[in-house]
Amino acid sequence: MTLTRRGFIKLSGATLASSSMSAMGFGGCGAALAESVRPYKLAAAKETRNTCTYCSVACGILIYTSGDGAKNAHSNIMHIEGDPDHPVNRGTLCPKGSALLDVVHSPGRLQVPKYRAPGSNEFKEVTWDFALDRIARLMKDDRDANFIAKNEKGQTVNRWLTTGMLAASATSNETALLTWKVARSFGMLVFDNQARV
Amino acid sequence: MTNTWQDIKNANLVLVMGGNAAEAHPCGFKWVIEAKIQNAARLIVVDPRFNRTAAVADYHAPIRPGTDIAFLSGVIRYLLETDQVQHEYVRAFTNASLIVKEGYSFADGLFNGYDAETHSYDKTDWAYELDDQGFAKIDDTWQNPRCVINLMRKHVDRYTPEMVSRICGTPIDKYLYVCQQIASTCLPDKAMTSLFALGWTQHSIGSQNIRTMAMVQLLLGNIGVAGGGMNALRGHSNIQGLTDVGLLSNQLPGYLTMPKDEEQTFDDYMKTRQFKPLRPNQMSYWQNYRKFFVSFQKTMFGDAATAENNWAYDYLPKLNLPMYDIIRAFEMMVHGEINGYICQGFNPLQAFPEKNKIRRGLSKLKYLIVMDPLDTETARFWEDVGPLNPSDPSKIPTEVFQLPTACFAEEDGSLVNSARWLQWHWKAANSPAQAKSDIWIMSAIFHRIRELYRKEGGAFPDPILNLSWKYTDPTNPSPDELAKDLNGKTLADIKDPSGAVVLKAGQQLDSFGQLRDDGTTESGCWVFTGCYTEKGNMMARRDTYDPRDQGITPDWAWAWPANRRILYNRASADVAGNPWNPAKPIIQWNGDRWVGIDVPDYGPTIKPSEGVGPFIMNAEGTGRFFALDQMVDGPFPEHYEPFESPVENLLHPKVQNNPAARVFPDDRADFGTSADFPYVGTTYRLTEHFHFWTKHALINAILQPQEFIEIGEVLANEKGIANNSWVRLSSKRGYMICKALVTKRIKPMMVAGKPTHVIGVPIHWGFTGLAKKGYGANILTPSVGDANTQTPEFKAFLVNVEPSNGPEGEV
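Quick mapping for you: the protein sequence lines, in order, are chains X and P.
The first sequence maps to residues 1 to 197 in the UniProt record's numbering.
The second sequence maps to residues 1 to 811 in the UniProt record's numbering.
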């Protein structure tokens, strides 16, 4: 009987039935021992294929999440490891990738929108509606006040230089396209991403 | 990368120069070890430090930061002088034989056409002599002194081993050994791979660093072949994708370029984008530019982009400068010319040079919007954190919005790795609390602003009101829908000349060859066409099949362009179509068509006898030793000293630095001299950290908790600095107080006859996160960029170091 490591976990953790225990050669006494062992959490976890968020080697990773994905189930990522099927990293991860779980659950993860008023020395929690309405107002007013439809030669240039944007090179291509569309529809030219660094 | 990560194992020689793959790309670096084990490859590292890659290398040669062009130009000279080049490849596949215009010249550090006022060149004469049909003149005998090969020979003649050694600080014997090893791959069946990263890009001569190596690789016949290529290891997980999708000031998706003021009409714009072949029979594939552009405008503006309005050409903003790069953006900011700034997953207060200037710039904004999963320094630039971030919040008028975003594990989507693979990933869990995806946030901002324009009117609302937004849930478009947009589809039935429908309306396209310039197709990024077809999401494929186990895996995910894994792979075969290396062929001519383990980078049925060159994107069909007018700082690379350098330029003291670099006056005033700052500083990364993110991850914060610098034993003894003691490291622009790691890994180099010390500055600390608080290396670095790309010069600058009593106020 050939078992992969993941297969082993599934087999041993799924039900702990005596039949599977004997399949692994534990026999009768093993079943009693097995009952005293906590069920393996990974066996009940949802496995999701993903890509390490750090460098461009783009190692394949497997993310293990508790919760079955149902609307009311609280999902919680509890383990991340290298994807053994991935042709580049073949299951391995570096000191950064091995610790991905700690960045997902970092105490530095932002939870709520915050706002810092002019002259203030603190952030205050605000609603999304407050933040987005205020942002839209500021951006539109700035665009209307500073949009350059024609340059000094009378040429049509339709640009907005007084608001700029840095895009994120850890976002997906899909986010990138949407970001491009939005930024350029406003006429933005002060627009770059980390590839400039 | 021209090649793939696994393809590195096919190399006979791995040259790591301008990077430190063992430290920064460990899981990709395993393929270097595979090359050593499976292919008896040798690994050579050329780097200022005996770094982690050097620790497992066969040979390490030290080099002073910022002198790579001198080193590699010397390699070119060595290859030509010892005649160790791949002759057939060079003659057939490069522009060595083409004849350059009379006006081109180079003397005393300057190419012809220089304007000292504007720091720029008139590049008109950086061109070929043309015949009456408009084709470049050629001399296959290489007798004409204006053949590219002869001009190149003359250009590199000054880079003698003695000169290289005096400039670079590399001992002559070590330099010549590296030359010999590199030259050994001139045999048709031997390949060298070049692995590089920010060690080459982050210089005021960054683009030319890379070009010099590409020229070496062309001379050796190492481009397009298994185990060869120019392999940029690249940084963030989707830095390649963001480049491909053109999120850069001067770019459209798929390497199309933004229009300029003078290009007032679409016809004007297309005039300089004709890409007429410069030699007979060449593909010059950019001739399809118009199809890519029109299809993109259809993705942007849908029905509002019509033939009558020139495909909404006026909706695109026009550039009055080459680009509005980030160094320029902060220059504008400190002068009050920018009011609002959005930082989406980007932390410029740590990531951009001259931190004090960055903070000054941010402090002048009316509003700053930060979208990030983590609590960045940029979002808190206004906080007074003592010497680490001195500030008076009461005087800073900026409204700051800190918006929590999802992280990689909490969304679907595709990322492009450095080998150009688009790999799909899946959401594993919901985001914490109120965090939202970037897609949701950008959509929300867009919809609110569009609504304001609908209600109030305002400045040129047309592109906003007409932006195509046909998503099932307009407030949160799905990644699958956006991926389909990137791929593109037909907008009407496509018919062949006989009138038969070949593609039905609404069908996802299979390849960019199907794109049209009549508005009947759309594609958000032409190089991605084929990633999401009628067969489904090709980026989600997971078949690990690897024909001949050669590192191609054609059915794993999807690679741009056209699922091609090795770029320029036509050059893996000789003129007749037979593989240079019969043991590791990629494609070959079978009498009817090109066949092999990869998608041909060529017309699949073009006969070898037709003489179509393998570099199909270039108008002459060849690789370029002479870059024509494509680089702002010269058609050949030239050694210029970093803007802060300990020595004068030994080749031409009157032209010390890159004459085509753009330097703002107040930045120039902030350059230091070696009288005050006698040591060479260089920044880099540690394997335990990723930029400024992992200081928020507990394990990484424990592994490398504290800001430090690396300093060699000789300098440490001179200065009385003990290992693990406090030091004060300063530049003209600022200082940091941190721990010193006294190391054997950095040794003084003899540069122009005097010992030169290098100090290493890892970049990873700041004032947020779980690690101990630190300053960040950018407190020191100068605000000047590469002349072509404006990538900041982080790798070579001047510093001073002194023992210190430790952090102020804590001792």
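Ideal Cβ placement from N, Cα and C applies to all residues, glycine included.
Could you tell me the boundaries of the alpha helix (DSSP H) in which residue i lies?
{"i": "P/M300", "result": "289-301"}
{"i": "P/H155", "result": "148-156"}
{"i": "P/A329", "result": "326-334"}
{"i": "X/T179", "result": "173-185"}
{"i": "P/Y78", "result": "68-81"}
{"i": "P/I699", "result": "698-703"}
Just checking my contact of residue i with residue j at CB under 8 Å: how many whole Å lie between their CB atoms?
{"i": "P/W726", "j": "P/I737", "result": "6 Å"}
{"i": "X/I63", "j": "X/N50", "result": "5 Å"}
{"i": "X/D133", "j": "X/T163", "result": "About 17 Å; that fails the 8 Å criterion."}
{"i": "P/S120", "j": "P/N112", "result": "P/S120 to P/N112, Cβ: 13 Å. No contact."}
{"i": "P/S394", "j": "X/G119", "result": "5 Å"}
Is it buried or exposed for residue i, if we count other Cβ within 10 angstroms and need 16 for buried?
{"i": "P/K732", "result": "buried"}
{"i": "P/Q282", "result": "buried"}
{"i": "P/Y128", "result": "buried"}
{"i": "P/G720", "result": "exposed"}
{"i": "P/T265", "result": "exposed"}
{"i": "X/I61", "result": "buried"}
{"i": "P/Q402", "result": "buried"}
{"i": "P/H203", "result": "buried"}
{"i": "X/M21", "result": "Here the model assigns X/M21 a pLDDT of 49, short of 50, so the residue's position is not dependable, and the following value carries that caveat. The residue in question, X/M21, is buried, as its Cβ has 16 or more Cβ neighbours within 10 Å."}
{"i": "P/A433", "result": "exposed"}
{"i": "P/K436", "result": "buried"}
{"i": "P/W5", "result": "buried"}
{"i": "P/L374", "result": "buried"}
{"i": "X/T179", "result": "buried"}
{"i": "P/R77", "result": "buried"}
{"i": "P/P65", "result": "buried"}
{"i": "P/Q706", "result": "exposed"}
{"i": "P/P353", "result": "buried"}
{"i": "P/M17", "result": "buried"}
{"i": "P/R668", "result": "exposed"}
{"i": "P/K427", "result": "buried"}
{"i": "P/V663", "result": "buried"}
{"i": "P/A116", "result": "exposed"}
{"i": "P/K190", "result": "buried"}
In the DSSP assignment, find the unbroken beta strand (DSSP E) run with residue i in it and report its ends.
{"i": "X/D192", "result": "191-193"}
{"i": "X/E47", "result": "46-51"}
{"i": "residue 822 of chain P", "result": "Here chain P comprises residues numbered 1 to 811, so residue 822 of chain P is not present and cannot be evaluated."}
For residue i, which beta-bridge partners are listed by DSSP?
{"i": "X/H79", "result": "X/Y64"}
{"i": "P/L319", "result": "P/K260"}
{"i": "X/I148", "result": "X/R159"}
{"i": "P/V761", "result": "P/T683"}
{"i": "P/V599", "result": "None; P/V599 has no bridge partner."}
{"i": "P/Y532", "result": "P/N537"}
{"i": "P/I182", "result": "P/I182 is not bridged to any residue."}
{"i": "P/M750", "result": "P/P755"}
{"i": "P/E710", "result": "P/L741, P/G760"}
{"i": "P/T490", "result": "P/T521"}
{"i": "X/M188", "result": "X/W160"}
Original post:
Which of the residues in the stretch 25-48 of chain X, read from start to end, lie with their CB under 8 Å from any CB of chain P?
Top reply: The residues in question are K46, T48.
Subject >> chain X contacts made by the stretch 331-363 of chain P, where a contact means CB separation under 8 Å >> reply: M332, E337, I338, N339, G340, Y341, I342, C343, Q344, G345, F346, P348, A351, F352
Original post:
Which residues, in order along the stretch 93-120 of chain P, keep a beta-carbon less than 9 Å from a beta-carbon of chain X?
Top reply: Taking a C-beta cut-off of 9 Å against chain X, none of the residues of the stretch 93-120 of chain P qualify.
**OP:** Can you give me, in chain order, the residues of the stretch 241-262 of chain P that have a beta carbon less than 7 Å from any beta carbon in chain X?
**Re:** G241, L242, T243, V245, G246, L247, L248, S249, P253, D261
**OP:** Residues of the stretch 71-96 of chain X with a CB closer than 7 Å to any CB of chain P: list them in chain order, please.
**Re:** S75, N76, I77, D85, P87, V88, N89, T92, L93, C94, P95, K96
Original post:
Which residues, taken in chain order from the stretch 281-306 of chain P, show a beta carbon closer than 9 Å to some beta carbon of chain X?
Top reply: Within the stretch 281-306 of chain P, the qualifying residues are T299, M300, F301.
Original post:
Just by C-beta distance, which residues in the stretch 15-27 of chain P are closer than 8 Å to chain X?
Top reply: Answer set for the stretch 15-27 of chain P: A24, H25, P26, C27.
**OP:** Quick one: which residues of the stretch 409-426 of chain P get their C-beta closer than 9 Å to a C-beta of chain X? List them in chain order.
**Re:** A409, E410, E411, D412, G413, S414, L415, V416, N417, S418, A419, W421, L422, Q423, W424, H425, W426
Original post:
When you check each C-beta in the stretch 132-155 of chain X against every C-beta of chain P, which residues fall closer than 7 Å?
Top reply: L132, D133, I135, A136, L138, M139, K140, D142, R143, D144, F147, A149, N151, Q155
Subject >> Members of the stretch 307-331 of chain P near chain X, C-beta cut-off 9 Å >> reply: D314, Y315, L316, P317, K318, L319, N320, L321, M323, Y324, D325, I326, I327, R328, A329
**OP:** With 7 Å as the limit, tell me which residues of the stretch 459-489 of chain P have their beta carbon closer than that to any beta carbon of chain X; keep them in chain order.
**Re:** A459, F460, P463, I464, L467, P477, P479, L482, A483, D485, L486
Original post:
Along the stretch 387-405 of chain P, what residues have a CB closer than 8 Å to any CB found in chain X?
Top reply: Answer set for the stretch 387-405 of chain P: P393, S394, K395, I396, P397, T398, E399, V400, F401, Q402, L403, P404, T405.
**OP:** Anything in the stretch 180-193 of chain X with a Cβ closer than 9 Å to a Cβ of chain P? List those residues in chain order, please.
**Re:** Cβ contacts with chain P: W180, K181, V182, A183, R184, S185, F186, G187, M188, L189, V190, F191, D192, N193.
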